[in-house]
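Protein sequences, first through last, are from chains A and B. No gaps in the numbering here: position 131 of the first sequence is 131 in full-length UniProt numbering, and each next residue is one more. No gaps in the numbering here: position 140 of the second sequence is 140 in full-length UniProt numbering, and each next residue is one more. Using N, Cα and C, we set each Cβ at its ideal position, and we do this for glycine too.
Protein chains: 2
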Amino acid sequence: MKKSGQATINDVARLAGVSKKTVSRVINHSPLLNEETRERVEKVIAEIGYVPNPQARALALRRNFLIGLIHDNPNPHTVLNVQQGLLEVLRDTEFELIVHPVDRGSPTMLDDIRRFVERQRPFGVMLLPPISENDSLAALCAEYGARYVRMGSAAFDDAEHMVASNDREAVRGAVTHLIEAGHRRIGLVLGPHGFRSAFERQQGYEAALHDAGIPVQRTLTAQGDYTFESGMRAAERLLDLSPRPTAVFSSNDTMAAGVLHTARQRGLDIPRDLSIVGFDDTSIASQIWPPLTTVRWPIATMARAAALKLIDEEDADDAGESLFVSTLVRRASVAAPAE
Amino acid sequence: MKKSGQATINDVARLAGVSKKTVSRVINHSPLLNEETRERVEKVIAEIGYVPNPQARALALRRNFLIGLIHDNPNPHTVLNVQQGLLEVLRDTEFELIVHPVDRGSPTMLDDIRRFVERQRPFGVMLLPPISENDSLAALCAEYGARYVRMGSAAFDDAEHMVASNDREAVRGAVTHLIEAGHRRIGLVLGPHGFRSAFERQQGYEAALHDAGIPVQRTLTAQGDYTFESGMRAAERLLDLSPRPTAVFSSNDTMAAGVLHTARQRGLDIPRDLSIVGFDDTSIASQIWPPLTTVRWPIATMARAAALKLIDEEDADDAGESLFVSTLVRRASVAAPAE
DNA sequence: TTGTACGCGTTATCAG
DNA sequence: CTGATAACGCGTACAA
């Protein structure tokens, strides 16, 4: 190293007696390189502890070694789990995670994202629902040469760009579980309008009823927006019904906790007076009382897979898994209806 | 703009008829500039929509316009709230947030962080507890010219580098609340060893007992590690005691939820048979049944303040608030002891 | 297979 | 106050 700071590619070149281009080739694993030369250079690199400067690389390559997480997801658990999954595979790589929340609903959202991608030039971008469903976002990433992976409740892009769960089938199984326990009047707390996940879960609910020959009644469906409070409000509507539903499927755990809360306030016993099934298997599901029967959404696994798609060498050919199955977790919030 | 991409500083210089250094001065708000020249340049900038390239700036300045969040915090809610607070002020600035979790306990943690700071050259760094208590981390940031702010349960650095809450006083108040409700046998679920927050909260607990002339009994203290499961285990130990404590202060909400869970499993009624007070006011506190009396830790506010310290123009002089008060939130988990 | 010369877009130096 | 010119550290034609 020359003066104060860090060793540069020039130092390595000088010490190894080669040109800096050769060092550059070593760094970037160029295939056309004399093995002997490579080893000599690598030895010097290791000796002086040289590490390429990311800023200079970014300038020359017009690409940063950053993975962007772009989202407007209202569910903290989802976001956090995704982050953890992503970071798990990014750790020990040269990539760092840059979190960029946006405001869907804002008319400038697309511009915001464009500026982000244009300026930061991330190597790859992870798109979370619900904005992951927006095709122009994906196009935008492609336009700037950023890899992207979209997360969703159904496959709506190529395997290379997609990690999807099959929410419809999972919910169908969950509601069938309720039916097999003897329930016929089953409420649905729907997710927010415009969310693909809300739609898929609704479809699963209706499919299960259909399978069992139970007619779908609109009054048994209450609108929610994935928040605890909306779950409480939905429960108030549902529990005012006469006859009351004996079970409720809630499109996520947070709302299910809200349903449980309201039911409790009304003096109902769970699961005796009301069975509840949620979706996500977030921590709250196992921490409330009684523990919630729910659908385990393998979100961290999906995030890990997404990270691999984003940074992996191989292009396109073997994109890895892109469909992940959710499974029912049976706990104490479901019982047979009280006669 | 010349060819395909974005306009550069050269385009601006050419169109404005000045040198690019002058444009650079405009961008960086250099004070020594002819007002007329400045206006002309700014006009051109606005017209062609020029935006400086962050990569080039980073290379020349040896400093990225990124704020790093370095942490090894076991509590997802804490991390997420900090992120939200940070992002709230970073939004609409040129800064982005880069999240870098580390592994305390790993012998290479300091090296990991050094490499991160050395390579990414973040403009500023936010350090979360418990690693924020590590002075060598702070020194490391300073060494690389990165601003830093440490978050903690007590002030252990200059105002400029600190956002602190006064946990001790807050817990003292919370436990006093229990005492005033008539409790004398009050259990403590302690936080993990080596955490300043755990220590401060314990001190607050003991101070409150002392104020009331109640002797501190070691058997009434159970070790926890801030996880739900550790709260359950702590409760098992505490509830096996004879006579049983009539109330428990838990050093965070997650463990308090664990205590509540275990108490429930044993058929205890909350708050009739056991009063519980938590700490944090995370979402679970208001979502479990009964809603938890807890100490509201203004963590998002602290994070916002930290972000301002990190990016604000003024140096040192007016560093803004650095001490934040936590307040007791009274809900339904506390009652007078059953005679 | 390797090296030379130059470009990436910005800031710093130091003269005018 | 302003402008040539040289960094900043690395990648890429293209030549050797």
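Are residue i and residue j closer than 9 Å when you measure CB to CB?
i, j, result
"Leu-128 (chain B)", "Val-79 (chain B)", "yes"
"Ile-70 (chain A)", "Pro-101 (chain A)", "yes"
"Arg-233 (chain A)", "Leu-274 (chain A)", "no"
"Ala-247 (chain B)", "Val-334 (chain B)", "yes"
"Leu-188 (chain A)", "Leu-220 (chain A)", "yes"
"Gln-203 (chain A)", "Gly-191 (chain A)", "no"
"Phe-257 (chain A)", "Ile-299 (chain A)", "The identity of residue 257 (chain A) in the sequence shown is Ala, whereas the question assumes Phe. No, Cβ-Cβ distance for Ala-257 (chain A) and Ile-299 (chain A) is not below 9 Å."
"Leu-66 (chain A)", "Glu-96 (chain A)", "yes"
"Ala-222 (chain B)", "His-261 (chain B)", "no"
"Leu-15 (chain A)", "Ile-48 (chain A)", "yes"
"Ala-277 (chain B)", "Phe-249 (chain B)", "Residue identity differs from the one stated: residue 277 (chain B) is Val in this sequence, not Ala. Yes, these two residues count as a Cβ contact at 9 Å."
"Ile-270 (chain B)", "Pro-290 (chain B)", "yes"
"Ala-159 (chain B)", "Val-125 (chain B)", "no"
"Val-99 (chain A)", "Met-302 (chain A)", "no"
"Thr-8 (chain A)", "Ala-174 (chain A)", "no"
"Val-18 (chain B)", "Thr-37 (chain B)", "yes"
"Ser-153 (chain A)", "Asp-135 (chain A)", "no"
"Val-89 (chain B)", "Ala-307 (chain B)", "yes"
"Ala-336 (chain A)", "Gly-182 (chain A)", "yes"
"Gln-6 (chain A)", "Asn-64 (chain B)", "no"
"Ser-230 (chain A)", "Phe-228 (chain B)", "no"
"Gly-282 (chain A)", "Asn-75 (chain A)", "Before going further, note that residue 282 (chain A) is Thr rather than Gly in the sequence given. Cβ distance < 9 Å, so Thr-282 (chain A) and Asn-75 (chain A) count as in contact."
"Tyr-148 (chain B)", "Ala-155 (chain B)", "no"
By the 10 Å Cβ neighbour count, where 16 or more other Cβ atoms means buried, how is residue i classified, buried or exposed?
i, result
"Pro-52 (chain B)", "buried"
"Lys-43 (chain A)", "exposed"
"His-161 (chain A)", "buried"
"Val-325 (chain B)", "exposed"
"Asn-252 (chain A)", "buried"
"Asn-10 (chain A)", "exposed"
"Ser-322 (chain B)", "buried"
"Ser-30 (chain B)", "exposed"
"Ala-332 (chain A)", "exposed"
"Glu-133 (chain B)", "buried"
"Lys-21 (chain A)", "exposed"
"Leu-239 (chain B)", "buried"
"Gln-265 (chain A)", "exposed"
"Ala-46 (chain A)", "exposed"
"Asp-225 (chain A)", "buried"
"Met-1 (chain A)", "Residue placement at Met-1 (chain A) is flagged as unreliable, the pLDDT there being 34, under the threshold of 50; a coordinate-derived value is accordingly withheld."
"Glu-85 (chain A)", "In the sequence on display, residue 85 (chain A) carries Gly and not Glu. Counting Cβ neighbours within 10 Å, Gly-85 (chain A) comes out buried, since at least 16 surround it."
"Ala-142 (chain A)", "exposed"
Nearest CA to the CA of residue i: which residue from the options?
i, options, result
"His-210 (chain A)", "A:Thr-176, A:Leu-87, A:Ser-30, A:Ser-242", "A:Thr-176"
"Ser-165 (chain A)", "A:Glu-200, A:Gly-267, A:Ser-250, A:Leu-239", "A:Glu-200"
"Asn-73 (chain A)", "A:Pro-271, A:Leu-308, A:Arg-196, A:Ala-208", "A:Arg-196"
"Arg-104 (chain A)", "A:Ala-13, A:Gly-194, A:Ile-288", "A:Gly-194"
"Arg-121 (chain B)", "B:Ala-303, B:Ala-58, B:Thr-282", "B:Ala-58"
"Arg-115 (chain A)", "A:Ala-307, A:Glu-94, A:Gly-68, A:Arg-184", "A:Gly-68"
"residue 345 (chain B)", "B:Val-171, B:Gln-6, B:Leu-61", "The structure shown has nothing for residue 345 (chain B), since chain B only spans 1 to 339."
"Val-171 (chain B)", "B:Asp-225, B:Leu-32, B:Ala-208, B:Asn-81", "B:Ala-208"
"Asn-81 (chain B)", "B:Ser-242, B:Tyr-205, B:Met-151", "B:Met-151"
"Thr-254 (chain A)", "A:Leu-33, A:Leu-268, A:Asp-280", "A:Asp-280"
"Thr-93 (chain A)", "B:Gly-267, B:Pro-76, B:Tyr-148, B:Arg-119", "B:Arg-119"
"Tyr-144 (chain A)", "A:Pro-130, A:Ile-131, A:Ile-113", "A:Ile-113"
Residue i versus chain A: which residues are under 9 Å apart at the beta carbon?
i, result
"Glu-118 (chain B)", "Gln-6, Val-51"
"Phe-228 (chain B)", "Ser-283, Ser-286, Gln-287"
For residue i, which residues in chain B fall below 8 Å Cβ to Cβ?
i, result
"Gln-55 (chain A)", "Gln-55, Ala-58, Leu-59, Arg-62, Asn-64, Arg-121"
"Gln-83 (chain A)", "Val-99"
Since residue i meets chain B, which of its residues come closer than 9 Å, beta carbon to beta carbon?
i, result
"Ile-98 (chain A)", "Leu-66, Glu-96, Leu-97, Ile-98, Val-99"
Listing by chain order, which chain A residues have their CB less than 7 Å from the CB of residue i?
i, result
"Pro-76 (chain B)", "Leu-80"
Kindly list, in the order they appear in chain A, the residues whose Cβ is closer than 8 Å to that of residue i.
i, result
"residue 340 (chain B)", "This structure cannot speak to residue 340 (chain B), because chain B is shown only from 1 to 339."
Would the C-beta of residue i count as close to the ligand MG, meaning under 8 Å from any of its heavy atoms?
i, result
"Phe-324 (chain A)", "The model on display carries no ligand, and the ligand MG is accordingly not part of it."
* **Contact residues within the stretch 256-276 of chain B, judged by C-beta distance below 9 Å to chain A** => Ala-257, Gly-258, Leu-260, His-261, Arg-264, Gln-265
* **Residues of the stretch 139-155 of chain B with Cβ closer than 7 Å to any Cβ of chain A, in chain order** => none
* Positions along the stretch 285-296 of chain A whose CB lies within less than 7 Å of some CB in chain B -> Gln-287, Ile-288, Trp-289
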